[in-house]
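Those sequence lines, one after another, are chains Z and L. Just so we're aligned, residue 2 is where the first sequence starts under my numbering, counting upward by one. Just so we're aligned, residue 593 is where the second sequence starts under my numbering, counting upward by one. The beta carbon of each residue, even a glycine, is placed where N, CA and C say it ideally should be.
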Amino acid sequence: MSKPPDSVTGDTEAPPPGAEQAPPESPGDQGKAKRRVVHDLWLSGTEAPVDTGRFTDEGAQEMLLEEEAAVLAGQRGTLVVDDYAAGVEPSTEQTQIVNMGPQHPATHGVLRLQVELDGETIRRVKPIIGYLHTGMERTGETLTFMQGPTNVTRMDYLSPFHNELAFSLAVERLLGLEIPPRAQAIRVLMTELNRVASHLLWAATTGLDLGALSMMIYGWREREAVLAFFEKTTGLRMNHNYIRPGGVAADLPDGWEEDVAAIEETVLAGLADYEGLLMENPIFIERTHGVGVITPEECLAYGVTGPLARASGIDFDLRKAFPYSGIEQYEFDVPTTEHGDVYDRFIVRFEEIRQSLRIARQVAETMPLGDYRSEDRKVTPPPRARLDQSMEALIHHFKIFTEGFKVPAGEVYEAVESPRGELGMYLVSSGGAKPWRLHVRGPSFANVQALPVMLTGSLIADTISALASVDPVMGDVDR
Amino acid sequence: MTESPPEAPAPSAAAGLAERFGKMVGALSATGDFGTARIRVSPDRWVETHRTLAEHLPFFSFLSAIDWAGEVAVGDPPEGDVEERFEVFTRLSDVSKGEGVIVSTDLSKEDPRLATLVEVFGGANWHEREAHEMFGIFFEGHPHLENLYLPDGFEGHPLRKTFPLLSREVKPWPGMVDVEDMPTTENVEAGEPEAWEEGE
């Protein structure tokens, strides 16, 4: 460590005790004056932002907006704000370093936060990751393009369809494969319903973290309707391996239109309940307004995407900016808000659930007829009935699943809008049946990296709120 | 809330995009194959290139690397000859116009060094640490080039093609126990064909 970043000195926003008072004559007077300040502040509630580090009361719960802006200004996009905890001596005896995680229940997995506290104020945050690192990029190099989706679907385990879709799109781009309209529509339907399920789970766990215990049960209940449909379609509740290069694994089950309609009805009814429960709840508002703020500039510099960026006012949705799988033919809005705090992330995600259901309804109304997978025999195995009649079909089937198919040499980047943001796959083929390199741009990775920006200078109690609002999936961060 | 969606860039559009930005930064090459706009620059112009592009493409998506090697420890060797090198690449985009570019540069394997991008994009921090531990590429000027995923003191760089997947070498694939050994030629010649016939 050559030089400590400036933000370290910049975030001591609380003036030393008694700094604004007249200098006391003796130590005894100093103690009295300090206690007087504490007492006055206790009585007055939310007035002067004095010495918030030393005690907890209503006043200290307020975010100190002016000071926070100064801290964030120092970090704007150009300065690295984490990772220097080891190199800098704590400047006062008041600071202490607390570890949250990796087993902390509110970290949504095995995320560890090292937090340096000055009283209750967070001076620095250092996210420590890697507890779930499984080397999936390297594993991807040892599996064929056919086996690839089984690997990538386990990364972001709350949005498996998006993982599969990004991988399949990349492979198909290299192959130059045309996907039938019905397969494309099925893909859109499944990914949008997956977004609904993921946001519902997020609302449930975040509600739990903020003390809204019933929210946890409700969110899980509505999500169950979506998962039941997934199970009916793919046979599995997660890690489906349903979207594959060339199309999807199976056609939709009979009566799927009614299922989608039932999901829409159930979730929309639940959504109205959640908004009544949370969005107008004074306790909830206190815990989310002005908490975990991130500005649009910081979002761009740190690569923050998804609902976080949209809550900060960036109108960035890959479904609009880089449309995929024919999603541009459906009508939907991209909700944005301007405050960039936890409350706005709730607004954005709830609205996204509505928009995803809107897309799902349009898909159900306009589902094209046709095949659910490509006719290209290079990537599509023969139908099951053919295996009983034709030796060649059997051999072909066998070879596709053991040796895989060769993909032309090239490099391609394909990204989809996952519930957490830009989920991209950079796929390199050297002309063989296995990828030469598979790099996954995980949205949670970039979002978690920006946690110090959101948390520095705020209160320790807000950590839970801000962290939950990021919706980190550690399988996606660590891969 | 949004305007009408911009058209998805066709392959030719990607080539045009690469050419436009390539000209801006004096790129070595600019291609648009497979609908992905890519420009290649020399390593000494790495930071300068990103600083110029950041004005037009402010969104930093990711940074990573590729190990181009003729020999591999695991998996299939490359089809055809490859030039031994590391390729470092980033993705920058403009979120409002729907334009995105891959910027890449080649590094020698003997001394893979590159200037850091954290001055330009704060978000490059973790990505460079990941590339450092996974490939052994040094990013000069990085404030904290320590392991990100791997434990301290981990030896080797797991995403290099020479890195063996030890778990498979130490412990054979457990599925193998289900498979009966095929009779060898020696068995048959020594008059032990029982194993062969029992099943019939």
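In the structure shown, what three-state DSSP assignment does Tyr219/Z receive? Here the question's residue 219/Z lines up with position 218 in the first sequence. Correct three-state label for Tyr219/Z: helix.
Pick out the complete alpha helix (DSSP H) segments inside the region 133 to 199 of chain Z, 4 residues or longer, and give them in chain order. 137 to 143, 149 to 153 and 161 to 176
Within chain L, partners of Arg125/Z - CB distance below 9 Å: Position 124 of the first sequence, counted from the first residue, corresponds to residue 125/Z. The contacting residues do not exist; Arg125/Z stays about 13 Å from chain L at best.
Taking any Cβ of chain L, which residues in the region 132 to 157 of chain Z have a Cβ under 7 Å from it, in chain order? Residues His134, Gly136, Glu138, Arg139, Glu142 and Thr143.
Applying a beta-carbon distance threshold of less than 7 Å, which residues of chain Z neighbour Val687/L? Along the second sequence, one-based indexing puts residue 687/L at 95. In chain order: Ile315, Phe317 and Ala322.
In chain L, which residues lie less than 7 Å from Ala167/Z when you measure between Cβ atoms? Against the first sequence, residue 167/Z aligns to sequence position 166. The contact set of Ala167/Z on chain L, defined by CB atoms closer than 7 Å, is empty, because the minimum CB distance reaches about 13 Å.
Reduced DSSP category for Asp274/Z - H, G, I as helix; E, B as strand; rest coil: Counting from 1 along the first sequence, the entry for residue 274/Z is found at position 273. Correct three-state label for Asp274/Z: helix.
Determine, using beta carbons only, whether Leu742/L comes closer than 9 Å to chain Z. One-based indexing of the second sequence puts residue 742/L at position 150. It does; some Cβ of chain Z falls within 9 Å.
Whose C-alpha, out of Lys233/Z, Pro383/Z, Val413/Z and Arg288/Z, is nearest the C-alpha of Val343/Z? In the first sequence, residue 343/Z corresponds to position 342, counting from 1. When each option's Cα is compared against that of Val343/Z, the closest is Arg288/Z.
Taking only beta-carbon positions, decide if Glu299/Z is within less than 9 Å of chain L. Locating residue 299/Z in the first sequence gives position 298, where the first residue counts as 1. Interface residue, yes.
Strand pairing of Tyr414/Z, partner residues [DSSP]: Position 413 of the first sequence holds residue 414/Z. Per DSSP, the beta bridge partners of Tyr414/Z are Tyr427/Z.
When burial is assigned at 16 or more other CB atoms within 10 Å of the CB, is Phe285/Z buried or exposed? In the first sequence, the residue the question calls residue 285/Z occupies position 284. Classification of Phe285/Z: buried, given that the 10 Å Cβ count is 16 or more.
Quick one: grab the DSSP three-state call for Asp472/Z. Counted from its first residue, the first sequence places residue 472/Z at position 471. Asp472/Z falls in the coil class under three-state DSSP.
How many Å lie between Ala665/L and Thr754/L at the Cα? Position 73 of the second sequence, counted from the start, is the residue given in the question as residue 665/L. Position 162 of the second sequence, counted from the start, is the residue given in the question as residue 754/L. Each residue's alpha carbon lies about 5 Å from the other.
Whole angstroms are fine: how far does the CA of His648/L sit from the CA of Leu757/L? Locating residue 757/L in the second sequence gives position 165, where the first residue counts as 1. Locating residue 648/L in the second sequence gives position 56, where the first residue counts as 1. In this structure, the straight-line span from the alpha carbon of Leu757/L to that of His648/L is close to 42 Å.
In chain order, what residues of the same chain lie with their CB nearer than 7 Å to the CB of Val471/Z, ignoring the 5 residues before and after it? Here the question's residue 471/Z lines up with position 470 in the first sequence. Closer than 7 Å at Cβ, skipping near neighbours: Leu309, Asn448, Val449 and Leu452.
For Pro750/L, return the contacting residues in chain C, with the cut-off set at a CB-CB distance below 8 Å. Here chain C cannot be found, since the structure's protein chains are Z and L.
Going by DSSP in three states, Val639/L sits in which element: helix, strand or coil? For the purposes of this step, residue 639/L is identified with residue 47 of the second sequence, where counting begins at 1. Three-state result, Val639/L: helix.
DSSP state of Arg612/L mapped onto helix, strand, coil: Your numbering for residue 612/L matches position 20 in the second sequence. Residue state, collapsed to three classes: helix.
Could you pull out every residue in the same chain whose Cβ sits closer than 6 Å to the Cβ of Met217/Z, ignoring the five residues on either side in sequence? Along the first sequence, one-based indexing puts residue 217/Z at 216. Within the same chain, Met217/Z has close Cβ partners Ala205, Gly208 and Leu209.
At the level of alpha carbons, what is the spacing between Leu439/Z and Ala273/Z? The residue labelled residue 439/Z in the question sits at position 438 within the first sequence. The residue labelled residue 273/Z in the question sits at position 272 within the first sequence. Going by the C-alpha atoms only, they are around 41 Å apart.
Let me confirm a value: Thr403/Z is counted as buried when at least 16 other C-beta atoms fall within 10 Å, else exposed. Which label applies? Here residue 403/Z is taken as the residue at index 402 of the first sequence, counted from 1. Flag for Thr403/Z reads exposed.
Tell me the rounded alpha-carbon separation between Asp795/L and Glu725/L. In this structure chain L extends from 593 to 792, so residue 795/L is not present and cannot be described.
Chain L residues whose Cβ lies nearer than 8 Å to that of Val429/Z: Taking the first sequence and counting its residues from 1, the one referred to as residue 429/Z is at position 428. Residues of chain L passing the Cβ test: Ile658.
In chain Z, which residues lie less than 7 Å from Ile694/L when you measure between Cβ atoms? Mapped onto the second sequence, residue 694/L falls at position 102. By Cβ distance, chain Z contributes Tyr414.
Pick helix, strand or coil for Leu460/Z, following the three-state DSSP scheme. Here residue 460/Z refers to the residue found at position 459 of the first sequence. Looking at Leu460/Z - three-state DSSP - the assignment turns out to be strand.
Is it buried or exposed, Gln356/Z, if we count other Cβ atoms within 10 angstroms and call 16 or more buried? The residue labelled residue 356/Z in the question sits at position 355 within the first sequence. Counting Cβ neighbours within 10 Å, Gln356/Z comes out buried, since at least 16 surround it.
Between the region 168 to 199 of chain Z and chain L, which residues of the former have a C-beta closer than 7 Å to a C-beta of the latter? Arg174 and Leu175
Note down the Cα distance separating Glu702/L from Glu332/Z, rounded to an integer number of angstroms. Taking the first residue of the second sequence as position 1, residue 702/L is located at position 110. Taking the first residue of the first sequence as position 1, residue 332/Z is located at position 331. Looking at the two C-alpha atoms, the distance is approximately 53 Å.
Span of the alpha helix (DSSP H) holding Val349/Z? Within the first sequence, numbered from 1, the residue matching residue 349/Z stands at position 348. Looking at the DSSP string, the run of the alpha helix (DSSP H) that includes Val349/Z is Val343 to Thr367.
Determine the extent of the alpha helix (DSSP H) in which Ser634/L is found, giving its start and end residues. Locating residue 634/L in the second sequence gives position 42, where the first residue counts as 1. Segment: none, Ser634/L is in no alpha helix (DSSP H) and carries neither H nor E.
Straight-line CA distance for Glu225/Z to Glu353/Z? Numbered from 1 along the first sequence, position 224 holds the residue referred to as residue 225/Z. Numbered from 1 along the first sequence, position 352 holds the residue referred to as residue 353/Z. The alpha-carbon atoms of Glu225/Z and Glu353/Z are separated by roughly 18 Å.
Only counting the same chain, and skipping five residues up and downstream in sequence, which positions put a Cβ closer than 7 Å to that of Ala606/L? Here residue 606/L refers to the residue found at position 14 of the second sequence. Within the same chain, Ala606/L has close Cβ partners Gly624, Gly627, Thr628 and Ala629.
Sequence-distant residues of its chain with Cβ nearer than 6 Å to Arg196/Z (five each side left out): Numbered from its first residue, the first sequence carries residue 196/Z at position 195. Excluding positions up to five away in sequence, the list reads Ser357 and Pro420.
Can the beta-carbon of Ser375/Z be found less than 9 Å from the beta-carbon of Val189/Z? For this step, residue 375/Z is matched to residue 374 along the first sequence. For this step, residue 189/Z is matched to residue 188 along the first sequence. No, they are not a contact pair.
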